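The structure under discussion appears below in the form of structure tokens.
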Amino acid sequence: MSRMGDVLAGFHAAWEFESDSVLIRFERGIRTPKLLQALGERRIPHEAIAAVTLTPGKRGTVVLHAVPRPGADPLMEAAAGQLKDGCDPYRLVLPAERETLAEYYADELRAQLSEGDCGPPDRYLVAAPETPLQFKAYDGKASFDGKSVAFRWFWTGASSAKWKAGDQSFLVTDLSGVEWRSPEVFEGHLRLLRRETPVAQPAQADQDPAAVVFGLGYGPVHESLPFAASVLAAVRSSGAALTPGTVPVNAPVARRDPADIAERIRHLGELHQSGLLTDEEFTMKKAELLAEL
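In my numbering, the protein residues as written are 5 to 297.
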């Protein structure tokens with residue numbers, strides 16, 4: 005039996021094995037992915053773990069993976085499978101020569117898991133990142149104080165629809181969840197899902213006053229994902245979350261306002277001239293916008 009307080013150190017993180025949980029501490033070095041640096045440390049109760057695996061990794065490594073139960077961790081629920089392996093806080097990468105030691109700890113951890121605890125729990129078991137939180141998106145600044153989410157629009161990036169709607173504030177109790185799309189895909193965003201709306205939310209995130217858009221260095225994973233997780237946890241603890249398995253329905257995709265597209269293309273041109281966009285990025289994004297006319 006492993007002793008309480010035993011530590012297994014790998015690349016970018018160390019796992020400390022406790023009687024009822026695993027305390028994961030992430031390194032702050034420049035090689036550590038920014039998301040893991042931002043998380044600092046996380047305590048994962050045994051009841052939040054569905055399984056433990058040990059598999060060969062890349063370039064002479066092995067990977068110890070504590071597979072989280074669905075619905076146990078607001079960060080992983082908000083991420084919805086979009087995290088790259090290197091940013092997954094539940095993976096510990098070790099040199100291959102430490103495989104025997106890793107297998108020992110994997111077996112010890114498996115022995116601590118309760119059978120039948122694989123389904124979604126009735127509450128989050130892993131703590132969400134603490135508030136207050138804020139980040140800059142492409143079209144506005146998002147902030148969260150634990151009770152409400154505020155969006156303040158930037159004149160350089162916000163669509164005319166958002167300018168007309170004005171700056172926004174949403175009480176957690178009026179929300180049913182969040183939709184996070186990674187900025188590492190081309191059209192990333194954070195959308196707040198409302199429990200009751202007079203009309204369906206626009207399908208396009210840049211037209212939705214309840215969403216902020218990522219991209220071009222704005223809304224990076226290490227800032228926007230912990231933010232989304234914290235909001236999601238607050239929504240769930242308020243009792244307003246969507247029941248598991250329900251999916252919000254958005255309005256059909258609508259054509260964008262030509263004046264709005266012209267405004268976005270002008271802004272892209274400014275970014276291109278200032279060197280923030282390559283020729284290829286400018287051409288591709290411009291073509292995408294024109295295709296929506």
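Quick reminder that beta carbons are idealized off the backbone N, C-alpha and C, glycines included. Keep in mind it's a predicted model, so treat the numbers as computed, not measured.
Skipping 5 residues on each side, what residues in its chain have a beta carbon closer than 6 Å to that of HIS226? LYS38, LEU39 and ALA42
Do LEU27 and ALA76 have their CB atoms nearer than 8 Å? no
Tell me which residues share the same chain as ARG29 and place their Cβ nearer than 6 Å to its Cβ, disregarding the 5 neighbours each side in the sequence. ALA18 and GLU45
Answer yes or no: do GLY219 and PHE139 have a C-beta to C-beta separation smaller than 8 Å? no
Going by beta carbon distance, what residues of the same chain come within less than 8 Å of ALA258, once the five residues before and after it are set aside? Any answer about ALA258 is weak, because its pLDDT of 41 lies below 50 and its placement is not dependable; what the coordinates show is given next. Correct list, in chain order: PRO206, ALA207, GLN208 and GLN211.
Per the DSSP calculation, THR135 is bridged to which residue(s)? DSSP lists no partner for THR135.
Suppose the cutoff is 7 Å on Cβ atoms and the five residues either side in sequence are ignored; what does the same chain contact list for SER25 look like? ARG47, ILE48, PRO49 and HIS50
Per DSSP, what are the beta-bridge partners of HIS193 in this structure? ARG185 and VAL217
Rounded to whole angstroms, what is the Cα-Cα separation between ALA131 and LEU294? 43 Å
Hey, is the stretch 147 to 165 in contact with the stretch 81 to 96, meaning 3+ C-beta pairs nearer than 8 Å? no
Extent of the continuous alpha helix (DSSP H) to which THR57 belongs: No alpha helix (DSSP H) holds THR57; the beta strand (DSSP E) holding it covers 53 to 60.
With DSSP run on the structure shown, which of helix, strand or coil describes GLN205? coil
Out of ALA165, LEU272, VAL189 and ALA146, state which residue places its alpha-carbon closest to the alpha-carbon of VAL235. ALA146
Span of the beta strand (DSSP E) around SER25: 25 to 30
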